[in-house]
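Below is one structure, written out as structure tokens; the observations come after it.
In full-length UniProt numbering, the protein residues as written are 1 to 203.
Structure representation (structure tokens):
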């Protein structure tokens, strides 16, 4: 599905958004895993490809992302496929904190999928007794188109086993996409040139 979005929908990036602070470096881990593995423009036969290969991978825990870049994902002009990841059981049961975290996990994916139509926004403003002039001015800014692609991955709990299974899932995806793209996933010639030039610059 990543190849589909990258090549046929022009989605050049993918966001990984874990709702667990223990996974705050998960997206960074797969920046290396995906971008270094499939960031190639030459196929296995040594020919330049005429299609998109590795996407740009980025992300943050949802608790940070909601106040940083979710605006662009919801209402921006760029399509950003997102993977939302959360454990059903937390390691830190503080009051109702985890329930609130999970409610945001589900709410964000629902909002991205279904959005909020002009009709719904107008009805909300009428129910609040807003005057027509205010309604007409504000409504365009409150509409969400929806139909923004997401995957929701819900783990029972973050454990060595479940985290390992999740990493294996992503690594298998990277390998499979490399095979479909007909590129060598497990070499990194792109990092060698910089090292060679750095050695030349050193006294």
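Ideal placement from N, C-alpha and C gives every residue a C-beta, glycine not left out.
Residue environment analysis places residue 126 among the exposed positions, since fewer than 16 neighbouring C-beta atoms fall within 10 angstroms of its C-beta. Note on geometry: alpha-carbon atoms of residue 142 and residue 152 lie some 25 Å from one another. Note that the C-beta distance between residue 54 and residue 17 is not below 8 Å. For residue 30, the enclosing alpha helix (DSSP H) stretches over residues 26–30. At a Cβ-Cβ threshold of 8 Å, residue 109 and residue 84 count as neighbours. Counting C-beta atoms within 10 angstroms of its own C-beta, residue 90 has 16 or more neighbours from the protein chains shown and is therefore classed as buried.
Per DSSP, the beta-bridge partners of residue 58 are 15.
Secondary structure within the stretch 36–99: the beta strand (DSSP E) runs of 3 or more consecutive residues, fully enclosed, are 56–58, 82–89 (chain order).
Straight-line measurement puts the Cα of residue 2 at about 18 Å from the Cα of residue 29.
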